[in-house]
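The opening position of the sequence shown corresponds to residue 759 in our numbering, with each subsequent residue numbered one higher. Below is one structure; the comments refer to it alone.
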Amino acid sequence: MTITTTLDPVLQDAAQAQINNYLPMDNNPDRVGQAMSSIQPGTGKILSMAQNTKLSAPEGQWANNYNFNVDMFDAAGNELGGAGGFATGSTMKPFTFAEWLNSGHRINEIVDASVRKYPLSFPWTNTCGTTTSDYDDNSGNGSKDLRNAENNFYQRLTAREGLYNSLNTATFAMASQLDFCNIQKMMTATGIHDGKDPNKQYDMSFARNLIGNDPVAPLTMAAAFATFAASGTHCDPIALVSVTNVKGEPFPVPGANCKQTVKPEVAAGVTSVLQDVLVRGSGWEIPLQYAAGAKTGTTNDSEQTWTVGFTKGLATASWIGNPDLGSRSSNGLLIANQRIAYVDGATYAGHAWQGYMNQVAGNYDVSFFDLPPANMVNPPVVIAPKPVQTAKPAETKDSSVKTDNKKKD
759 MTITTTLDPV LQDAAQAQIN NYLPMDNNPD RVGQAMSSIQ PGTGKILSMA
809 QNTKLSAPEG QWANNYNFNV DMFDAAGNEL GGAGGFATGS TMKPFTFAEW
859 LNSGHRINEI VDASVRKYPL SFPWTNTCGT TTSDYDDNSG NGSKDLRNAE
909 NNFYQRLTAR EGLYNSLNTA TFAMASQLDF CNIQKMMTAT GIHDGKDPNK
959 QYDMSFARNL IGNDPVAPLT MAAAFATFAA SGTHCDPIAL VSVTNVKGEP
1009 FPVPGANCKQ TVKPEVAAGV TSVLQDVLVR GSGWEIPLQY AAGAKTGTTN
1059 DSEQTWTVGF TKGLATASWI GNPDLGSRSS NGLLIANQRI AYVDGATYAG
1109 HAWQGYMNQV AGNYDVSFFD LPPANMVNPP VVIAPKPVQT AKPAETKDSS
1159 VKTDNKKKD
């Protein structure tokens, strides 16, 4: 049989080389996991898939039986040998922002990012069911205030600033004005699903999943961000181009099922702000030499770290973290031959993404993205009505009336 895959050997080699720079298979005493998947937007073709383990590793070298990049099962319930994904952290925030725009809100609309308490009784809207949260330290259940990575952003600011600065409080403020059912539908439209079962929707019955508490596979994240890069066209990831027998007779292969699932103007709006991430936001240290958008993600205690981003022709998810899904921070572990006190999404996963994308993205479309429509950017200006003019009172000639013409501060 002749099997033709979608893999690009140049990209595959480049991805594996980047992984070898950070967590080489023969020098990983802390058993930190690393994976990278690339999708071509608009086609669903998997162009590369790499990680830092082998199924049959040499004696004494860390081995892992799971493919870190993929789901645990396929849609038919067959085991894929995948790890089932990892908590995605803030890389999940663009999907709430996409629904924010889809529901008619504006990119530069003001949100209140000072609110940090969302008790169990908070009246979230979810027409598909119910949504609960526990960000209220007075609720009596040991929960804590909602926090941002930095302390100087608990204030009113634009939705754009909230996303590119990766503010948890801004994402919650947007979600408080949205229907969680529609946020979930937006996630599903881009291909986001449960990391174990692709037939199961991402669970939005808990508000904490606005900021990526539940696991999603790197390949799924790459395909979801590719939807924004492709102006709202989502394609299922595919690995095969063709399969033929010795006679040249073809066998059926899965299709990418490409469909317009997100409005083009919404995809353009999200993409415009994800470009800001690499200029002035959480990914300012990892810009590309091409027009690109991205989102970093860091879970609690830096257990899982991500950067997912794209050019017009290439979408890539880069993950570094704990593959065993227990509670273990990446802080202080041996990565890139050093141990540092704090690791976030841009530190290693981001720099691996940057090095790889700068090396290979030019092999595909690197043209500029479409701009969002002007009426999606700024909210309408509200002009206050002019006060009603009253008749000027007649001057008095009473000498007892005196006027103070001094200016008052």
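A virtual CB, placed ideally from N, CA and C, is assigned to each residue, including glycine.
- Excluding its 5 nearest sequence neighbours in each direction, ARG874 has C-beta neighbours in its own chain below 8 Å: TYR893, ASP903, LEU904, ARG905, TYR912 and THR927, listed in chain order.
- The residue from ASN1003, LEU1046 and THR1105 with its alpha-carbon nearest to that of GLY1090 is THR1105.
- For VAL1118, there is no enclosing beta strand (DSSP E); the residue is part of the alpha helix (DSSP H) that begins and ends at 1109–1118.
- Boundaries of the beta strand (DSSP E) around MET807: 804–809.
- When DSSP states are grouped into helix, strand and coil, VAL974 belongs to the strand group.
- With distances taken between CA atoms, GLY1084 lies nearest to VAL790 out of PHE964, GLN770, ALA773 and VAL790.
- Contact annotation, VAL1037 with ALA1052: C-beta distance approximately 11 Å; criterion of less than 8 Å not satisfied.
- Fully contained in the segment 887–937 are the following beta strand (DSSP E) runs of length 3 or more, in chain order: 914–916.
- Taking a 10 Å sphere around the C-beta of GLY839, we find fewer than 16 other C-beta atoms and assign the residue as exposed.
- Sequence-distant partners of MET932 (beyond 5 residues in either direction) whose C-beta falls short of 8 Å from its own C-beta, in its chain, are THR854, PHE855, TRP858, HIS863, VAL869, ALA917 and GLY920.
- A residue is called buried when at least 16 other Cβ atoms come within 10 angstroms of its Cβ; ILE941 meets this threshold and is buried.
- Rounded to the nearest whole angstrom, the C-alpha separation of PRO852 and MET979 is 11 Å.
- Put simply, of ASN1095, PRO1137, PRO1131 and THR929 the residue whose alpha carbon is nearest the alpha carbon of SER848 is THR929.
- Here ALA1132 is not near ALA1073, since their CB atoms are 8 Å or more apart.
- Sequence-distant partners of ASP961 (beyond 5 residues in either direction) whose C-beta falls short of 8 Å from its own C-beta, in its chain, are ASP952, ASN967 and ASP972.
- Taking the CA atoms as reference points, GLN1018 sits about 33 Å from ILE777.
- Taking 8 Å as the cut-off, the Cβ atoms of SER989 and GLY887 do not count as close.
- Under the three-state reduction of DSSP output, THR1019 falls in the coil class, being neither helix nor strand.
- The C-alpha of VAL1001 lies about 26 Å from the C-alpha of PHE826.
- In the structure shown, TRP858 falls within a helical segment according to DSSP collapsed to helix, strand and coil.
- Listed in chain order, the beta strand (DSSP E) runs fully inside the segment 815–880 are 868–870, counting runs of at least 3 residues.
- Take the alpha-carbon of HIS1109 and the one of ILE1044: they are about 6 Å apart.
- In this structure, the alpha-carbon of GLN770 lies about 42 Å from that of SER934.
- Residue burial is scored here from C-beta neighbours: PRO976 has at least 16 other C-beta atoms within 10 angstroms and is therefore classed as buried.
- Contact annotation: THR1069 and VAL1124 have beta-carbon atoms nearer than 8 Å.
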